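Student:
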DNA sequence: TGCAGTGTTGCTTC
DNA sequence: CGAAGCAACACTGC
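Numbering (the working numbering), first residue to last: 3 to 326.
1) Using beta-carbon positions only, say whether residue 82 and residue 168 come within less than 8 Å of one another.
2) Mind checking which residues open and close the alpha helix (DSSP H) that includes residue 292?
3) When the distance is taken between beta carbons, is residue 193 closer than 8 Å to residue 208?
4) Pick helix, strand or coil for residue 202, following the three-state DSSP scheme.
5) So, under 8 Å CB-CB, residue 149 and residue 259 are touching, yes? Tell me the CB distance rounded to an integer number of Å.
6) Please state whether DSSP places residue 216 in a helix, a strand or coil.
7) Where does the unbroken alpha helix (DSSP H) through residue 7 begin, and where does it stop?
8) If you pair each beta-carbon of the stretch 232–252 with each one of the stretch 37–57, do three or more pairs fall below 8 Å?
9) Buried or exposed: where does residue 7 fall if 16 or more other Cβ atoms within 10 Å of its Cβ makes it buried?
10) Helix, strand or coil for residue 317? Go by DSSP, reduced to three states.
11) Between 152, 248, 114 and 96, which has its C-alpha nearest residue 145's C-alpha?
12) Report the CB separation of residue 118 from residue 269 in whole angstroms; it is logged as a contact under 8 Å.
13) Using the Cβ count rule (16 or more neighbours within 10 Å means buried), how would you classify residue 233?
14) Helix, strand or coil: which one does DSSP assign to residue 122?
15) Can residue 314 and residue 195 be called in contact, C-beta distance under 8 Å?
16) Could you check if residue 78 is buried or exposed, using at least 16 other CB atoms within 10 Å of its CB as the buried criterion?
17) So which of 122, 142, 221 and 125 has the shortest CA-CA distance to residue 131?
18) Pull up the distance between the alpha-carbon of residue 283 and that of residue 293, whole angstroms please.
19) Which first and last residues belong to the beta strand (DSSP E) in which residue 22 is found?
20) Would you call residue 23 buried or exposed, if buried means 16 or more other Cβ atoms sit within 10 Å of its Cβ?
21) If you follow the alpha helix (DSSP H) that residue 249 is part of, which residue opens it and which one closes it?
22) Would residue 41 pass as a contact of residue 156 if the rule is Cβ separation under 8 Å?
23) Among 74, 5 and 290, which has the Cα closest to the Cα of residue 162?
24) Identify whether residue 3 lies in helix, strand or coil by the three-state DSSP scheme.
25) So, does the stretch 302–318 touch the stretch 274–288, judging by three or more C-beta pairs under 8 Å?
26) Less than 8 Å between the beta carbons of residue 191 and residue 231, yes or no?
27) Go through its chain and collect everything with a Cβ distance to residue 309's Cβ below 7 Å, but skip five positions before and after it.
28) Who are the Cβ neighbours of residue 218 in its own chain at under 7 Å, not counting the five residues just before and after it?
29) Going by the CB atoms, is the gap between residue 69 and residue 257 shorter than 8 Å?
30) Using the DSSP secondary-structure output, state which residues sit across from residue 152 in a beta bridge.
This is the structure:
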């Protein structure tokens, strides 16, 4: 998933659905000696502690920091979830029907969204008691579907949470009110010899940008992904700053990007994948008007190319994106 | 059959 | 020190 707009979409959904919910039980596929991650529910010892620290408490609200979901509880504990590549949280009624590795299924077999094949890899289930309902009467669940099992789930003390090792290294939030061009430029310039694409993906520089939105922001600002940070002119950097904000806001407005596994809290797709100009558009004609056809100004048709930068698949228009 | 894949970390090499 | 490359995590889809 899950870059800033997708995580934000999920957090917005959580705040609509689970505020005030009491956590009455937790189930996880990871409760097996096979998994050994540290301070993560994948460690069976920690999973036991995880349950002890959260069961019985109520959810106050949810917040996003970089690509992390923070679920604040009323007992000074906070659940931290990083969905990594394929994780996504969904809210609905689930039942434990059999004893295979993925036993939890939506109670309603006719709920198309929750039964979407991308949503059926249920690894973690929170059983919730909603405000105003009698204990045990309503079976409502918050579940984590995570095909590749990369997601990280842990619990940390709410006090001083932003100084915890999980969050302290993160750079500024690009959509925060106080974020401005000066901060953007100062942060980016911490990697003067780095490639701009790699720098945008660095969570300690700016939080929340991933592979999709970095490609889209560079496409929009006409900058080649392999440009070295120190070579990019100030005027171009300003365009990049604006582009980053535009693509992230668009991502949120279109409900996130569901080109792959991401689904919202109801298990439904977002639509930003329908608006890509660069990401996974290899071989397509660039949609910038000047790149669409040959013309008298000697401009060529632009084709989207795919290269690898910093080990990540990268897409750009060879015509209009300038290498600095 | 093979490879690529929305993320992150840690290790190695230069 | 910093940048880059690679493996690991685990599984699906083209």
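Backbone N, C-alpha and C fix where the C-beta goes; we use that ideal spot for every residue, glycine too. Only a predicted model underlies this, so the values are computations on that prediction, with no experimental measurement involved.
Tutor: Working from what's here:
1) Counting from one through the first chain, the residue named residue 82 turns up at place 80. Counting from one through the first chain, the residue named residue 168 turns up at place 166. Cβ distance < 8 Å, so residue 82 and residue 168 count as in contact.
2) If you number the first chain from 1, residue 292 lands on position 290. Taken as a continuous stretch (DSSP letters only), the alpha helix (DSSP H) holding residue 292 covers 291–294.
3) One-based indexing of the first chain puts residue 208 at position 206. One-based indexing of the first chain puts residue 193 at position 191. No, Cβ-Cβ distance for residue 208 and residue 193 is not below 8 Å.
4) In the first chain, the residue the question calls residue 202 occupies position 200. Residue 202 falls in the helix class under three-state DSSP.
5) To locate residue 149, count along the first chain from 1; it is residue 147. To locate residue 259, count along the first chain from 1; it is residue 257. Actually they do not touch by this definition, with Cβ atoms about 16 Å apart.
6) On the first chain, residue 216 is found 214 positions in, with the first residue counted as 1. Note: residue 216 maps to helix in three-state DSSP.
7) Position 5 of the first chain, counted from the start, is the residue given in the question as residue 7. 6–19 is the extent of the alpha helix (DSSP H) around residue 7.
8) no
9) Translated into positions along the first chain, residue 7 becomes position 5. Buried is the call here.
10) Residue 317 sits at position 315 when you count from the first residue of the first chain. DSSP places residue 317 within a strand segment (E or B) once states are collapsed to three.
11) Here residue 145 refers to the residue found at position 143 when the first chain is read from its first residue. If we check each option's Cα against that of residue 145, 96 comes out closest.
12) By one-based count along the first chain, residue 118 stands at place 116. By one-based count along the first chain, residue 269 stands at place 267. Residue 118 to residue 269, Cβ: 6 Å. Contact.
13) In the first chain, counting from the first residue as 1, residue 233 sits at position 231. Looking at its Cβ environment, which holds fewer than 16 other Cβ atoms inside 10 Å, residue 233 is exposed.
14) Here residue 122 is taken as the residue at index 120 of the first chain, counted from 1. Here residue 122 sits in coil by DSSP.
15) On the first chain, position 312 is the one that residue 314 refers to. On the first chain, position 193 is the one that residue 195 refers to. Cβ distance not < 8 Å, so residue 314 and residue 195 don't count as in contact.
16) As a first step, residue 78 is located in the first chain; it is residue number 76 there, counting from the start. Exposed, by the Cβ-count rule.
17) Taking the first residue of the first chain as position 1, residue 131 is located at position 129. It is 142.
18) Position 281 of the first chain holds residue 283. Position 291 of the first chain holds residue 293. Using only the alpha carbons, I get a separation of about 14 Å.
19) Working through the first chain from its first residue, we reach residue 22 at position 20. No beta strand (DSSP E) holds residue 22; DSSP gives it neither H nor E.
20) Along the first chain, read from residue 1 onward, the residue named residue 23 stands at position 21. That one is buried.
21) If you number the first chain from 1, residue 249 lands on position 247. Here the alpha helix (DSSP H) through residue 249 covers 236–255.
22) What you label residue 41 is simply residue 39 of the first chain in a count that begins at 1. What you label residue 156 is simply residue 154 of the first chain in a count that begins at 1. Yes. Within cutoff.
23) Against the first chain, residue 162 aligns to sequence position 160. The option with the nearest alpha carbon to residue 162 is 74.
24) In the first chain, residue 3 corresponds to position 1, counting from 1. Annotation note: pLDDT 49 at residue 3 (below 50); position unreliable, no value reported.
25) These segments touch.
26) Numbered from 1 along the first chain, position 189 holds the residue referred to as residue 191. Numbered from 1 along the first chain, position 229 holds the residue referred to as residue 231. Yes.
27) Counting from 1 along the first chain, the entry for residue 309 is found at position 307. Taken in chain order, the residues that qualify are 316.
28) Counted from its first residue, the first chain places residue 218 at position 216. Contacts found: 249, 278, 279, 280 and 281.
29) Position 255 of the first chain, counted from the first residue, corresponds to residue 257. Position 67 of the first chain, counted from the first residue, corresponds to residue 69. No; because the gap between Cβ atoms is not below 8 Å, this pair is not in contact.
30) If you number the first chain from 1, residue 152 lands on position 150. According to DSSP, residue 152 bridges with nothing at all.
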